[in-house]
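**Q**
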Amino acid sequence: MTILLASHILTVTVGYVTMFIMGALGICHMLANWFQQIGPAQRYALQRASFQFATIAFTLTAIGVVLGMFWAKENLGRYWAWDVKETGAVFVLGCAIIMIGLRWLKGTRPNTIACMSIIGNLSTAWAWFGSVNGGFKPGPLMLAFTASQLVVLLGAAAFAMKNKGAAECDQ
-11 MTILLASHIL TVTVGYVTMF IMGALGICHM LANWFQQIGP AQRYALQRAS FQFATIAFTL
49 TAIGVVLGMF WAKENLGRYW AWDVKETGAV FVLGCAIIMI GLRWLKGTRP NTIACMSIIG
109 NLSTAWAWFG SVNGGFKPGP LMLAFTASQL VVLLGAAAFA MKNKGAAECD Q
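Quick note on numbering: the numbering used here labels position 37 of the sequence shown as 25, and the sequence is numbered without any gaps.
Structure representation (structure tokens):
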């Protein structure tokens, strides 16, 4: 293992773990929102933490992708091949960029941020664990994880529709 490959693995791993932490924050926000009233301080803390984690995840994942490209050029003769892992990293970077962009949109609701965090969680899981030996073959645990995340997202949509009048006042 070269230092280039080790650096690639380290930065991508820490970037992906940061995305998972961001997704866990989104799930915690949704559950707290369902079972109790969330105050402005909690909403602000969610937004701030989500944006910081998204920035860290984007930076480390982008560095890891670039390092992986240089390693691939040295060892495989190409920079990029659009295989499952590489394409998954692009989705993770895209989710992180969207999260960072939400910071600059005034009036972005905390539920929107939490939902995007959960989508980032799903993207990261599929990028990291969705492929086996270069092929796209998700196992039963991956499918169960996906189902659990979709249940939270659907629950968030149902909760928002149920409380539409109260959600109009939610800032």
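Virtual Cβ for every residue (Gly too), placed ideally from N, Cα, C.
Predicted, not measured: the structure shown is a model, and the values here were computed from it.
#1: Look at the alpha carbon of G171 and the alpha carbon of M104, and state the distance between them as a whole number of angstroms.
#2: Tell me whether M57 sits in a helix, a strand or coil according to DSSP, three-state version.
#3: For I9 and F41, which I take to be in contact (beta-carbon distance under 8 angstroms), what is that distance rounded to the nearest angstrom?
#4: Compare the beta carbon distance of L55 and S(-5) with 7 angstroms and say whether it is the shorter of the two.
#5: Short of 7 angstroms in beta carbon distance, which residues of its chain neighbour I51, apart from the five on each side in sequence? Order them along the chain.
#6: Reducing DSSP to helix, strand and coil, say where A146 ends up.
#7: Anyone know if the C-beta pair for G118 and P128 falls short of 7 angstroms?
#8: Measure the alpha-carbon distance for T96 versus P28 and round it to whole angstroms.
#9: Could you say which of G108, K73, I106 lies nearest to I(-3) if we only look at CA atoms?
#10: With a 10 Å radius around its C-beta and 16 neighbouring C-beta atoms as the bar for buried, classify A155 as buried or exposed.
#11: For I15, which residues in the same chain have their Cβ closer than 7 angstroms to its Cβ, ignoring the five residues on either side in sequence?
#12: Whose C-beta lies closer than 7 angstroms to the C-beta of T43 among residues of the same chain, with five residues either side of it excluded?
#13: Measuring CB to CB, does A69 end up less than 7 angstroms from M7?
#14: Tell me whether R97 sits in a helix, a strand or coil according to DSSP, three-state version.
#15: Looking at C-alpha atoms only, which residue of A60, Q24, M130 is the closest neighbour of W114?
#16: First and last residue of the alpha helix (DSSP H) that includes I9?
#17: Could you work out which residue in P98, W59, A77 is closest to Q35 when comparing CA atoms only?
#18: Please classify C157 as buried or exposed, where buried requires at least 16 neighbouring CB atoms within 10 angstroms.
**A** From the atom records:
#1: Outside the displayed span of the chain (-11 to 159) sits residue 171, for which this structure offers no information.
#2: Looking up residue 57 in the sequence shown gives position 69. Correct three-state label for M57: helix.
#3: Counting from 1 along the sequence shown, the entry for residue 9 is found at position 21. Counting from 1 along the sequence shown, the entry for residue 41 is found at position 53. Cβ-Cβ separation between I9 and F41: approximately 6 angstroms, consistent with a contact (criterion under 8 angstroms).
#4: Taking the first residue of the sequence shown as 1, we reach residue 55 at position 67. Taking the first residue of the sequence shown as 1, we reach residue -5 at position 7. Contact flag set, yes.
#5: Working through the sequence shown from its first residue, we reach residue 51 at position 63. Taking C-beta separations shorter than 7 angstroms and ignoring five residues to either side along the sequence, the partners of I51 in its chain run T(-1), following chain order.
#6: Position 158 of the sequence shown, counted from the first residue, corresponds to residue 146. DSSP places A146 in the helix class (H, G or I) of the three-state scheme.
#7: Walking along the sequence shown from the start, residue 118 turns up at place 130. Walking along the sequence shown from the start, residue 128 turns up at place 140. Using a Cβ distance threshold of 7 angstroms, G118 and P128 do not count as a contacting pair.
#8: By one-based count along the sequence shown, residue 96 stands at place 108. By one-based count along the sequence shown, residue 28 stands at place 40. Distance between the alpha carbons of T96 and P28: 14 angstroms.
#9: Your numbering for residue -3 matches position 9 in the sequence shown. Proximity to I(-3) across G108, K73, I106 peaks at K73, based on C-alpha coordinates.
#10: Residue numbering aside, residue 155 sits at position 167 when the sequence shown is read from its first letter. Because the pLDDT at A155 is just 47, under 50, the model does not fix this residue reliably, and the value given afterwards should be weighed accordingly. Exposed.
#11: Locating residue 15 in the sequence shown gives position 27, counting from the first residue. The beta carbon of I15 sits closer than 7 angstroms to those of I106, V140, all from its chain and outside the five residues before and after it, given in chain order.
#12: The sequence position of residue 43 within the sequence shown is 55, counting from 1. Within the same chain, T43 has close Cβ partners I88.
#13: Taking the sequence shown and counting its residues from 1, one reaches residue 69 at position 81. Taking the sequence shown and counting its residues from 1, one reaches residue 7 at position 19. No; because the gap between Cβ atoms is not below 7 angstroms, this pair is not in contact.
#14: As a working mapping, residue 97 is identified with position 109 in the sequence shown. Three-state DSSP puts R97 in coil, outside helix and strand.
#15: One-based indexing of the sequence shown puts residue 114 at position 126. The residue with the shortest Cα to Cα distance from W114 is M130.
#16: In the sequence shown, counting from the first residue as 1, residue 9 sits at position 21. Run containing I9: -9 to 23, per the alpha helix (DSSP H) assignment.
#17: In the sequence shown, residue 35 corresponds to position 47, counting from 1. Checking every option, the nearest Cα to that of Q35 belongs to P98.
#18: For this step, residue 157 is matched to residue 169 along the sequence shown. Confidence in C157 is poor, its pLDDT being 46 and thus under 50, which makes the residue's placement unreliable; the coordinate value appears in the next sentence. With a threshold of 16 other beta carbon atoms within 10 Å, C157 falls short and is exposed.
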